[in-house]
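4 protein chains.
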Amino acid sequence: MGLDDLAAELRRFAADREWERFHTPKNLAISLAVEVGELLEHVQWGTDEEIAELARSPEGKAAMAEERADVCIYLVRLADVLGVDLLAAAWAKVAANAERYPADEVRGSSEKRARPPGGRA
Amino acid sequence: MGLDDLAAELRRFAADREWERFHTPKNLAISLAVEVGELLEHVQWGTDEEIAELARSPEGKAAMAEERADVCIYLVRLADVLGVDLLAAAWAKVAANAERYPADEVRGSSEKRARPPGGRA
Amino acid sequence: MGLDDLAAELRRFAADREWERFHTPKNLAISLAVEVGELLEHVQWGTDEEIAELARSPEGKAAMAEERADVCIYLVRLADVLGVDLLAAAWAKVAANAERYPADEVRGSSEKRARPPGGRA
Amino acid sequence: MGLDDLAAELRRFAADREWERFHTPKNLAISLAVEVGELLEHVQWGTDEEIAELARSPEGKAAMAEERADVCIYLVRLADVLGVDLLAAAWAKVAANAERYPADEVRGSSEKRARPPGGRA
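Here it is, written out as structure tokens:
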């Protein structure tokens, strides 16, 4: 089941509980930030090696999966409330990034190092 | 094309540019926070009505779509690097939320108002 | 006791526990984001009126005070680790903002509405 | 000039521009998250060594100082709007942390490693 099914389920979930009025873009964006904050707790103090090890353990994997699920849920709900096709926007951005960062020019390059995938204007 | 295709494309994108070493869980989680910060800029000062209006305009829609695309991209990449099925985790969370917040008990209720979809322990 | 005393106390606190190696700028910045996420939980779903009411109650005030204390602590520690005078930087920014947003030009103005105090380039 | 003077200046700054209505706790908390997101951009991809080097350079120091100034400004303004003494809350938290993490018990200890200064319940 894909993102569209998830969006539809979240729509139904909110409607069943009469929670639509709480799902303003502002509140959903705030919720995204709250969940990302929780996700960051898992990487707050560890070294990259420790985090990688944690991520390999069943408990670590499960804990981080829950946080990412919450981020995913709010992201999909926000996109739906704003009437935007999330996957389409993501693919468009990937295409734009491919143009902005041609592989031949940026391969391992340090000047562009600060501008991987997401990039910035 | 679904999330799996996007994850594969992001994997290829990073490999082509030899950027995998930057994609530690820590850096990707930080990137998520950076992008959510940019998304929050759109809702920082406006009232809910103003934001809804902005969201209906073509420019507002496009601007917010780009930010959400960036959040989506980092979320998918992080899940992939950690070897977790993002959609599966999201669906599991939705099921858990449905149990934690039975529609009959929480419909429009103010006590549970503070705990919509994402909820908290 | 001012910010400088707090910075010195946090320095001592970390040294006593041999925690300095965890206090890299990266980890402290992540910690700031974690605490801001917790702070945002208090304003996640409420209307402005409800939040104002919560802020007036002793419990609400205490809860929000703790979150803000955590943000303050990490901010002061980060500034100290980076060797920057936080208050001096804040005053410099206030002066710059006063020039960027002359009171006569922006009073209640809607075009500038999106750019209060912090502003953006 | 201390935090109280800064709070008073920010109060005046907002009043002069008739911007008080934008300074709801919700909007100020969002603004904090926006600024922390900008601060995180400086540590997003670099290694701890690279970031330390950046922090030693005049330009790096200046750039990061501006972000931290913005975080400081919104934090002080939020505390003021909520009628809370920020420094007093910070000192109270430091005292609580000293009790929760007695130096003798946590010195360099890995079990407590995940709970430096800010800690969590």
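Chains as they are written, first to last, in the numbering used here: chain R, 1 to 121; chain B, 1001 to 1121; chain P, 2001 to 2121; chain Z, 3001 to 3121.
Note that the Cβ used here is the ideal one computed from N, Cα and C, for glycine as well.
Measure the alpha-carbon distance for residue 2040 of chain P versus residue 1059 of chain B and round it to whole angstroms. 28 Å
By the criterion of Cβ-Cβ separation under 9 Å, what are the contact partners of residue 99 of chain R in chain B? The contacting residues do not exist; residue 99 of chain R stays about 12 Å from chain B at best.
How would you list, in chain order, the residues of chain B whose beta-carbon sits under 7 Å from the beta-carbon of residue 2033 of chain P? 1033
For the region 1016-1044 of chain B, which residues have a CB atom closer than 7 Å to at least one CB atom of chain P, in sequence order? 1030, 1033
Can you check which of these residues, P:2057, P:2020, P:2049, is closest to residue 3107 of chain Z by C-alpha distance? P:2020
Reduced DSSP secondary structure (H/G/I, E/B, other) of residue 3064 of chain Z: helix
Given a cut-off of 8 Å on the beta-carbon distance, is the pair residue 2080 of chain P and residue 2017 of chain P in contact? no
Nearest candidate by alpha-carbon position, reference residue 93 of chain R, set B:1074, B:1022, B:1042, B:1030: B:1074
By DSSP, does residue 2091 of chain P sit in helix, in strand, or in coil? helix
Could you check whether residue 37 of chain R and residue 2036 of chain P sit closer than 8 Å to each other, using their CB atoms as the reference points? yes
Could you check whether residue 1088 of chain B and residue 2033 of chain P sit closer than 8 Å to each other, using their CB atoms as the reference points? no
Are any of the Cβ atoms in chain P nearer than 8 Å to that of residue 1117 of chain B? Reliability fails at residue 1117 of chain B, whose pLDDT of 49 lies under 50, so the model's placement of it is uncertain and the value that follows must be treated cautiously. Chain P, which has no Cβ nearer than 8 Å to the Cβ of residue 1117 of chain B, makes this no.
Given a cut-off of 8 Å on the beta-carbon distance, is the pair residue 51 of chain R and residue 1025 of chain B in contact? yes
So residue 36 of chain R is in the alpha helix (DSSP H); what residue range does that whole segment cover? 25-41
What first and last residue would you give for the alpha helix (DSSP H) that runs through residue 1085 of chain B? Element bounds for residue 1085 of chain B: n/a, residue is neither H nor E.
If we count the other Cβ atoms within 10 Å of its Cβ and call it buried at 16 or more, is residue 2111 of chain P buried or exposed? Residue placement at residue 2111 of chain P cannot be trusted, given a pLDDT of 46 that sits under 50; the coordinates are not used to answer.
Which residues in chain R have a C-beta closer than 9 Å to the C-beta of residue 1048 of chain B? List them in chain order. 24, 25, 26, 27
Give the DSSP-derived three-state secondary structure of residue 1074 of chain B in the structure shown. helix
Could you give the distance in angstroms between the alpha-carbon of residue 2023 of chain P and the alpha-carbon of residue 3048 of chain Z? 10 Å
Can you check whether the CB of residue 2082 of chain P is closer than 8 Å to the CB of residue 3062 of chain Z? no
With a cut-off of 8 Å on the beta carbons, I'd call residue 2008 of chain P and residue 3090 of chain Z a contact; round off their distance for me. The pair is not a contact, with the Cβ atoms about 13 Å apart (cut-off 8 Å).
Residue 1008 of chain B at chain R interface by Cβ criterion, 8 Å: no
So is residue 1059 of chain B in contact with chain R if we call contact Cβ pairs under 8 Å? no
Using only the alpha-carbon positions, how far apart do residue 6 of chain R and residue 1030 of chain B sit? 25 Å
List the whole-angstrom C-beta distance separating residue 3028 of chain Z from residue 3078 of chain Z, where the pair is believed to meet the contact cut-off of C-beta under 8 Å. 4 Å
Could you check the C-alpha separation between residue 1095 of chain B and residue 64 of chain R for me, to the nearest Å? 17 Å
Within 8 Å, strictly: CB atoms of residue 2003 of chain P and residue 2076 of chain P: yes
Cβ neighbours of residue 3014 of chain Z in the same chain (closer than 7 Å, five flanking residues each side left out): 3020, 3023
On the criterion of 16 or more Cβ atoms from any shown chain inside 10 Å, does residue 1105 of chain B qualify as buried, or is it exposed? exposed
Using DSSP with H/G/I as helix, E/B as strand and the rest coil, what is residue 1102 of chain B? coil
Excluding the five sequence neighbours on either side, which residues of its own chain have a C-beta within less than 6 Å of the C-beta of residue 2001 of chain P, listed in chain order? none
Tell me which residues of the region 74-97 of chain R have at least one Cβ-Cβ distance to chain B shorter than 9 Å, keeping chain order. 74, 75, 76, 77, 78, 79, 81, 82, 83, 84, 85, 86, 87, 88, 89, 90, 91, 92, 93, 94, 96, 97
Limits of the alpha helix (DSSP H) - the one that residue 3017 of chain Z falls within: No alpha helix (DSSP H) holds residue 3017 of chain Z; DSSP gives it neither H nor E.
8 Å is my cut-off, CB to CB: does residue 53 of chain R come that close to chain B? no
Using beta carbons (cut-off 8 Å, strictly below), is residue 2068 of chain P in contact with chain Z? yes
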